[in-house]
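Counting from 1, one number per residue, gives the positions in the sequence shown under my numbering. Don't be surprised by glycine CBs; every beta carbon is placed ideally from N, CA and C.
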Amino acid sequence: MSRSASGSSPVGHPGPRRDPVPVPRLPVPSSGTTAATLLLNATYEPLCVVSSRRAIVLVLAEKAVPVDAAAEVVHAERVSLPVPVVVRLTRYVRVPYPAQVPLSRRAVFTRDGQTCVYCGSSATSIDHVVPRSRGGTHTWDNVVAACRKCNHTKADRSLAELGWKLPHPPRTPSGAAWRLLGARTVDPRWREWLGVPESVSA
Ligand SMILES: [Zn+2]
């Protein structure tokens, strides 16, 4: 899994760019070592991904506390600390989010774990639960990820006619986790904070 070390600047940046704390030099990562850190709000809500270097600066400035860390240790000035995988801000920051996550094929696949909601095989298409020919809307609560076979079999019929059932009603995703998923590779150690299915790879 490749990871970006760039750690683009988040919306709702948690603090001033220039910190009084000296920036430590990170050890050269061995393969599989994260160079990116998931930043959580004080409320544990995922905010954004920052570089591990930036996360360490936040921790040293006492603007954030480590939540999960890698085995590697970084040495800075008078302190040594494990390279943080997840950090949490000590103070809550308000971040405006879009009212609704845009409906896209990629986003639907992500929500449904890249699998067909009807049979569990790999999803290759988008299905309208209530067919569009019957007035079904192209909205989050009426679209699901499906395989070609199920989509073809279902055609213009309703679930009741087929005797098919959805595992759960299609929901509209919201919150920061979805913004993060659209952007980059997800470190498996972030998953419990992002609240996404195991099979998701953004
Ligand atoms: Zn299927």
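- The segment 76-85 and the segment 60-68 touch, with three or more beta-carbon pairs separated by less than 8 Å.
- Residue 62 sits in coil when the DSSP states are folded into three classes, being neither helix nor strand.
- By the neighbour-count criterion, in which a residue is buried when 16 or more other Cβ atoms sit within 10 angstroms of its Cβ, residue 92 is exposed.
- Residue 48 is bridged by DSSP to 39.
- Counting other Cβ atoms within 10 Å of its Cβ, residue 46 reaches 16 or more and is therefore classed as buried.
- Ligand 1 has a heavy atom closer than 7 Å to the beta-carbon of residue 121.
- Listed as beta-bridge partners of residue 126 by DSSP are 145.
- For the 8 Å CB-CB criterion, residue 116 and residue 123 form a contact.
- The three-state reading of DSSP puts residue 73 in strand, counting E and B together.
- Following the DSSP letters along the chain, one finds residue 108 inside the alpha helix (DSSP H) bounded by residues 105-111.
- Taking the Cβ of residue 69 as the reference point, every heavy atom of ligand 1 lies at 7 Å or farther away.
- DSSP, reduced to helix, strand and coil, places residue 90 outside both helices and strands of the structure shown, so it counts as coil.
- Closest in alpha carbon position to residue 158, among 148, 142, 147, is 142.
- Going by C-alpha positions, residue 110 is about 43 Å away from residue 78.
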